[in-house]
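Below: the structure, in structure tokens.
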Amino acid sequence: MNRTIRLLRHTARLLLVLTPATLLTGFLTAKWFVAQGWIAPATARAWHVQWLPLAFVPVVFVHSLCGILFLLQRNKRLDRPWVRGGVAAFWTAVLGVFVWLYLARPPAPANEPPESERLPQPLVDLGPSDTPPAAAPAPAADAAEEPTRAPGAAANAAPEAVEDAA
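Under our numbering, the first residue of the sequence shown carries the number 1, and numbering increases by one thereafter.
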């Protein structure tokens, strides 16, 4: 029981660091303009999606499993080896599902070369990003409006219009 409590305390301390880091990088992924010049949106997304889950998920798993086992040890009726083993196996299967979801990739399109023939892509873009994500395109001009002509547009006009102007 002392080992369980010790693990609970250590993982709780780790979660006190990892949880705000995960929340902050997720926030900076969506609200990139808040920390402009401090961290690039691509870097925040990489930390939030790729790197922090590699630490956060196992720490949450160990912390929650120790907490469940601690609660089972306090109940005399449930403090049996087969109950603790079953709960640990079930919780490990839940972790396995999350790992499978984390590693899952979308199917490749039919016209794309196999993964062994593709060029390697970088996992993280660590370069500075001073430009915000692309803005939405401007709405198209109304068809009924007369298009504006640039200076010297008469030189590029149709031959009939040039003869009429002379």
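Positions of the beta carbon are idealized from the N, C-alpha and C atoms, including for glycine.
For residue i, which of helix, strand or coil comes out of DSSP?
i	result
A44	helix
Q73	helix
R9	helix
N111	coil
L168	Any answer about residue 168 is impossible in this case: the structure gives the chain only from 1 up to 166.
I68	helix
P20	helix
P106	coil
G26	helix
Q50	helix
W38	coil
Tell me which residues share the same chain as residue i and place their Cβ nearer than 8 Å to its Cβ, disregarding the 5 neighbours each side in the sequence.
i	result
D79	L72 and Q73
T19	F56
V59	T11, L14, L15 and L18
Y102	P53 and V57
What do you get for residue i, buried or exposed, if any count of 16 or more other CB atoms within 10 angstroms of its CB means buried?
i	result
A46	buried
L54	exposed
P41	buried
A44	buried
L65	buried
L52	buried
In its own chain, which residues sit with a C-beta less than 7 Å from the C-beta of residue i, not counting the 5 before and 5 after it?
i	result
H63	L8, T11, A12 and L15
H48	T22, T25, G26 and T29
A35	L28
K31	none
G67	L8
R84	L69 and L72
So the alpha helix (DSSP H) residue i belongs to, where does it begin and stop?
i	result
A93	P81 to L103
Using C-beta distances below 6 Å, list every residue in its chain close to residue i, excluding the 5 sequence neighbours before and after it, in chain order.
i	result
F61	L95
W91	L65
From the beta carbon of residue i, is the nearest beta carbon of chain C less than 9 Å away?
i	result
P107	Looking at the structure shown, chain C is missing, and only one protein chain is on hand.
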